[in-house]
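Residues in the sequence shown are numbered from 1 upward in steps of one, following this note's numbering.
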Amino acid sequence: MKSKFIRLLIYGILIWVVSASYSHYISTTSAGKGYWLDDGDSLFGSIYEKIMPGSMNIRARAALAVDAESGEIYFSKNKDTQMPIASLTKLATALVFFETKPDLSGTVTIIDSDFPGVSRSKLYPGETIELSDCLHLSLMCSDNAAMRALARSTGLGNREFIGRMNDLAGKLGMDQTHFTDPTGLDAGNLSTAADYIKLLRRAYLNET
């Protein structure tokens, strides 16, 4: 009786594996929707990706994996395709902020003009915070109000600050990159995966 139950269990597992494999294959070669969850996010899909890394179904529109020291490209997908970069913009904003040699123990007061278009923030108009905290909120929480306050704390006008962001991109050879605001809320912030690797490398040089 026990051996019969074990055989049935093994058959059941085999049937599940075959069925799940076929479902995952169909989901990644046709409409792009997973069998259980969207875009192959099923439990089996996750296991399958780890067992078969060569069959990665990268959902991002563009991707690039590069050796940080040698520059060797391990994986790329649409690396030269220009597209809106959203909050990746904040990394360029932070680098321009550091170019002004800020005192991170200094403070900035949050004002109403930091909030237009911001859906949520941990900040409130009228409160004063240290620049170090403002930087953390900007980069770790992607807080748009904090990012605007950080840029404003430099004393540069909005147009001049954005100009410096584009100057930085030019110096780094980011020919397919253009910035239009410090937060990434504006869809006019454009770049490519290949361009942004250059900005990441510059960012890694900053100890903070």
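Yeah, the Cβ is synthetic: ideal placement off N, Cα and C, and Gly gets one too.
First through last residue of the beta strand (DSSP E) which encompasses Tyr74: Mapped onto the sequence shown, residue 74 falls at position 74. Ile73 to Lys77 is the extent of the beta strand (DSSP E) around Tyr74.
Measuring CB to CB, does Asp112 end up less than 8 Å from Pro125? Reading the sequence shown from its first residue, position 112 is the one you call residue 112. Reading the sequence shown from its first residue, position 125 is the one you call residue 125. Cβ atoms of Asp112 and Pro125: closer than 8 Å.
Open item on the list: Please classify Arg201 as buried or exposed, where buried requires at least 16 neighbouring CB atoms within 10 angstroms.
Closed with: Against the sequence shown, residue 201 aligns to sequence position 201. With fewer than 16 other Cβ atoms within 10 Å, it is exposed.
- [ ] Give me the Cα-Cα distance between Ala203 and Leu14, rounded to the nearest whole angstrom.
- [x] In the sequence shown, residue 203 corresponds to position 203, counting from 1. In the sequence shown, residue 14 corresponds to position 14, counting from 1. Cα to Cα, the separation comes out at about 49 Å.
Let's test the definition: count the other Cβ atoms within 10 Å of the Cβ of Leu228 and tell me whether it reaches 16, buried, or not, exposed. Outside the shown range of the chain (1 to 208) lies residue 228, about which nothing can therefore be said.
- Taking all protein chains shown into account, do 16 or more other C-beta atoms lie within 10 angstroms of the C-beta of Tyr74, making it buried, or fewer, making it exposed? Within the sequence shown, residue 74 is the residue found at index 74, counting from 1. Classification for Tyr74: exposed.
> If you draw a straight line from the C-alpha of Asp39 to the C-alpha of Asn57, how long is it?
Replying inline: As a position in the sequence shown, residue 39 is number 39, starting the count at 1. As a position in the sequence shown, residue 57 is number 57, starting the count at 1. A caution first: Asp39 carries a pLDDT of 43, below 50, which makes its placement in the model unreliable, though a value can still be read off. Their Cα atoms are separated by approximately 9 Å.
Top-ranked residue by Cα proximity to Leu88, from Thr180, Leu205, Thr208 and Lys122:
Position 88 of the sequence shown, counted from the first residue, corresponds to residue 88. The shortest Cα separation from Leu88 among Thr180, Leu205, Thr208 and Lys122 belongs to Thr180.
Using 8 Å as the cut-off, can you tell me whether the stretch 82-97 makes contact with the stretch 137-150, which would need three or more C-beta pairs spanning the two stretches below that distance? yes
Compare the C-alpha of Gly71 against each of Val108, Asp195 and Ala149 and name the closest.
Here residue 71 corresponds to residue number 71 of the sequence shown, with the count starting at 1. The shortest Cα separation from Gly71 among Val108, Asp195 and Ala149 belongs to Asp195.
In DSSP terms, what Ser191 is bridged to: Counted from its first residue, the sequence shown places residue 191 at position 191. As computed with DSSP, Ser191 is found in a beta bridge with Met83.
Q: Tell whether a beta-carbon distance below 8 Å holds between Ser76 and Ala94.
A: Here residue 76 corresponds to residue number 76 of the sequence shown, with the count starting at 1. Here residue 94 corresponds to residue number 94 of the sequence shown, with the count starting at 1. No; because the gap between Cβ atoms is not below 8 Å, this pair is not in contact.
TODO: Determine which residues share a DSSP beta bridge with Thr183 and list them.
DONE: Numbered from its first residue, the sequence shown carries residue 183 at position 183. DSSP lists no partner for Thr183.
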